[in-house]
Amino acid sequence: MKLRAISLTGRNPAPYLPRIKEADILAMVLVAGVRQAQKAEPLGADIVIAVGYEGGGHLGRDDIGSLVLVRKVAQSVSVPVVASGGFGDGYGLIAALALGAEGIEMGTRFLATEECPIHARYKQALLDFRETDTTIMGWSLGVSGRVLATGFSTVILAVNKKAVRRSDCCRFWQGREIASGHLMESSARTMSGSFKGSASFSTVHPLGN
Ligand SMILES: Cc1cc2nc3c(=O)[nH]c(=O)nc-3n(C[C@H](O)[C@H](O)[C@H](O)COP(=O)(O)O)c2cc1C
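Under the working numbering, the letters of the sequence shown match residues 41 to 249, in that order.
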């Protein structure tokens, strides 16, 4: 089966786009701002995916809500735009189409599907948590991401505030080393008492909704 499309994210897509085009594969570039979208189009992006602040997982640095971002990007490029960030059902799709997008990308919603090979408690947490139960981590590392607010994320945010050097934070984030013994202890406590690990979350409705 031939690979039909590749989604590029996280860094400058320029070095990769020529090879993707050469292989006749559709290039989709994730953007979190209008400027990025306008740069991606002439570089050869076939589709831009505009990811707003509501998105689960990794976010852009400009904190622009999907409602504003998708409309602005749709007005700024001529290639098709896919709306992303907080879109989890048909209602979101209709809203995205009204903003000028051609479709939506769903991330978090798929975590809560039967096919997704993550732990059942993770899926249940996605269904149980409310829209207020997320937080953003990793801003000081330049890799901000929306996660479920858990005891674990609280500890990481505390380390984030206390860390003197960027590397302290990185090590904690990766779970290889701990910046402070005290924080490690409280991390272990809060993790064992609540849902283990961090999880990306934005808008998830019960399956089949
Ligand atoms: C578990 C998870 C991991 C993700 N990892 C990445 C990633 O590594 N890089 C990235 O650019 N986006 C990542 N994302 C963001 C998705 O590509 C997508 O933009 C986002 O999930 C859309 O918002 P939604 O979750 O509200 O549907 C991730 C999302 C989730 C839910």
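Positions of the beta carbon are idealized from the N, C-alpha and C atoms, including for glycine. All values reported here derive from a predicted model rather than from experimental measurement.
Item: Where L137 and A189 are concerned, what is the direct C-alpha to C-alpha distance, given to the nearest angstrom?; Value: 31 Å
Item: Which ranges would you report for the beta strand (DSSP E) in the region 87-149 if only whole runs of at least 3 residues count?; Value: 87-91, 121-124 and 143-145
Item: Distance check for K42 and G92, CA to CA, integer angstroms please.; Value: 30 Å
Item: To which residues of the same chain is K112 closer than 6 Å at the C-beta, ignoring the five residues directly before and after it?; Value: V74
Item: Would the beta-carbon of T49 be found less than 7 Å away from any heavy atom of ligand 2?; Value: Ligand 2 is not part of the structure shown, which contains ligand 1 as its ligands.
Item: Grab me the residues of V119's own chain with a C-beta within less than 7 Å of its C-beta, minus the 5 sequence neighbours each way, in chain order.; Value: E81, A85, D86, I87 and V88
Item: Taking the Cβ atom as the reference point for each residue, do G128 and R101 lie within a distance shorter than 8 Å?; Value: no
Item: Label R186 either buried or exposed according to how many other C-beta atoms from any shown protein chain fall within 10 Å of its C-beta, with 16 as the threshold for buried.; Value: buried
Item: Please state whether DSSP places G191 in a helix, a strand or coil.; Value: helix
Item: To the nearest angstrom, how far is it from the Cα of G178 to the Cα of G50?; Value: 14 Å
Item: Helix, strand or coil for L43 per DSSP?; Value: coil
Item: Once you ignore the five residues that flank G143 on each side, which residues in its own chain have a CB closer than 6 Å to its CB?; Value: V122
Item: Excluding sequence positions up to five away, which residues of its chain have a Cβ less than 7 Å from the Cβ of G250?; Value: Only positions 41 to 249 of the chain appear in the structure, and residue 250 is not among them; the question remains open.
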